[in-house]
């Protein structure tokens with residue numbers, strides 16, 4: 001279903017590479033961003049390799065173009081500082097939306113609402129765990145040649161699985177990195193970190209543990225929040241959101257409807273289109289994406305110091 005009828009597409013592609021997807025959309029192909037910016041555009045969707053996101057975001061800001069940016073927004077302190085300076089200097093910031101689609105999962109939205117409503121009292125600690133065997137992630141591609149394998153292109157679990165850092169920020173608020181350790185798994189034959197464990201503190205004082213890996217043979221995505229009066233557990237693989245108190249345990253949500261990740265891409269793009277049509281920021285602005293990128297860069301720097 002097209003969110004905007006009669007839309008025209010311009011694809012920025014190396015060597016003006018055509019394929020079935022581009023042909024199906026009757027997309028105009030251009031070799032670089034400047035060629036695209038020479039065409040009157042209404043918005044940008046930035047979905048190139050992670051290391052190139054910041055360059056495109058910077059140009060979009062300078063041209064005042066609304067943009068949807070795949071995560072992560074930036075992968076280095078220099079990129080973050082450049083974008084923050086541009087944001088500060090802009091007289092008017094265009095509509096922006098960062099592509100962390102898990103924010104659109106109904107079950108995760110409900111989890112956030114329950115925590116904000118104080119259902120488990122004050123949160124004292126939380127854990128966010130995610131992982132998947134990298135060769136199974138994109139079976140049509142040699143994982144050793146993917147961007148995930150190359151830290152220079154933004155690969156490694158900290159940026160690749162930044163959804164978990166974003167979820168912690170979205171649900172618990174500002175985070176201060178305390179420690180981070182990473183490990184490389186030789187069997188994967190990649191240069192980027194294959195495993196990471198991070199410890200952070202939320203503004204509320206809650207301790208936050210984030211565990212990420214390219215190794216879990218069964219896909220894992222599980223969040224737990226321990227509060228003074230109860231515990232909430234969200235398990236994407238099991239498709240269950242549960243509440244545990246001193247008196248009982250109960251399932252609050254289960255099944256496909258609240259845990260359908262594929263539907264979140266449409267929901268995210270629908271929100272972006274609504275922002276374009278109303279010229280009002282709806283969700284997940286660039287400033288939040290930069291904050292999460294800054295946290296992630298901080299964690300990577302901590303891990304490097306320990307190596």
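Numbering (the UniProt record's numbering), first residue to last: 1 to 307.
Note that CB positions come from ideal geometry on N, CA and C, so glycine has one too.
At 3 residues or longer, and completely inside the region 46-111: list those beta strand (DSSP E) runs for me, N to C.
-> 67-70 and 96-99
Whole-angstrom Cβ separation of residue 46 and residue 57, contact assumed at under 8 Å?
-> A Cβ-Cβ separation of about 6 Å places residue 46 in contact with residue 57 under the 8 Å criterion.
Count the other CB atoms, across all protein chains shown, that sit within 10 Å of the CB of residue 187; report buried if there are 16 or more and exposed otherwise.
-> Within 10 angstroms of the beta-carbon of residue 187 lie fewer than 16 other beta-carbons, which makes it exposed.
Identify whether residue 305 lies in helix, strand or coil by the three-state DSSP scheme.
-> helix
Residue 234 by DSSP, collapsed to three states: which one?
-> Residue state, collapsed to three classes: strand.
Pick from 127, 52, 3 and 268 that is closest to residue 206, judged by C-alpha positions = Answer by Cα proximity: 127.
Could you round the C-beta distance between residue 99 and residue 291 to whole angstroms and report it? I think they count as a contact, below 8 Å.
-> The pair is not a contact, with the Cβ atoms about 15 Å apart (cut-off 8 Å).
Among 8, 72, 121 and 14, which residue has its Cα nearest to the Cα of residue 289?
-> 72
Taking all protein chains shown into account, do 16 or more other C-beta atoms lie within 10 angstroms of the C-beta of residue 266, making it buried, or fewer, making it exposed?
-> Counting Cβ neighbours within 10 Å, residue 266 comes out exposed, since fewer than 16 surround it.
Beta-carbon contacts of residue 97 that lie in its chain and below 6 Å, excluding the five residues immediately before and after | 68, 272 and 284
For residue 274: DSSP bridge partner residues = For residue 274, which the question treats as bridged, DSSP gives no partner whatsoever.
Cβ pair residue 165, residue 264 closer than 8 Å | no
Counted within 10 angstroms of its Cβ, other Cβ atoms place residue 120 as buried (16 or more) or exposed = Label assigned to residue 120: buried.
Indicate whether at least one CB of chain B lies closer than 8 Å to the CB of residue 267.
-> Going by chain labels, chain B is absent from the structure shown, which holds only one protein chain.
Residue range of the alpha helix (DSSP H) that residue 126 falls in?
-> No alpha helix (DSSP H) contains residue 126, which is instead part of the beta strand (DSSP E) from 123-131.
Per DSSP, what kind of secondary structure is residue 21 in: helix, strand or coil?
-> Residue 21: helix per DSSP, three-state reduction.
How is residue 309 classed by DSSP in three states: helix, strand or coil?
-> The structure shown does not extend to residue 309, since the chain spans only 1 to 307, so no value can be given for it.
Residue 223 bridges to which residues according to DSSP?
-> 128 and 234
Beta-carbon proximity check, residue 167 vs residue 223, cutoff 8 Å | yes
Do three or more CB pairs link the region 241-253 to the region 147-158 at distances below 8 Å?
-> no
Compare the Cα-Cα distances from residue 225 to each of 44, 163, 116 and 160 and report the closest residue.
-> Here the closest residue by C-alpha is 116.
Beta-carbon spacing of residue 172, residue 215 below 8 Å | no
Could you tell me the distance, in whole angstroms, from the CA atom of residue 107 to the CA atom of residue 122?
-> 20 Å
Bounding residues of the alpha helix (DSSP H) (the contiguous stretch that carries residue 28) | Premise fails: residue 28 lies in the beta strand (DSSP E), 28-30, not in any alpha helix (DSSP H).
What did DSSP end up calling residue 229 once you bin it into helix, strand or coil?
-> Residue 229: coil per DSSP, three-state reduction.
Who are the Cβ neighbours of residue 18 in its own chain at under 8 Å, not counting the five residues just before and after it?
-> Contacts found: 29.
Distance between residue 36 and residue 61 (C-alpha atoms, nearest Å) | 14 Å
Identify the continuous beta strand (DSSP E) that holds residue 182 and give its terminal residues.
-> 175-183
Using the beta-carbon count (16 or more within 10 Å), is residue 338 buried or exposed?
-> Nothing about residue 338 can be reported from this structure: the residues present for the chain run from 1 to 307 only.
Residue 113 - DSSP class collapsed to helix/strand/coil | In the structure shown, residue 113 sits in a helix (DSSP, three-state: H, G or I).
Quick one: is residue 7 buried, meaning 16 or more other Cβ sit within 10 Å of its Cβ, or exposed?
-> exposed
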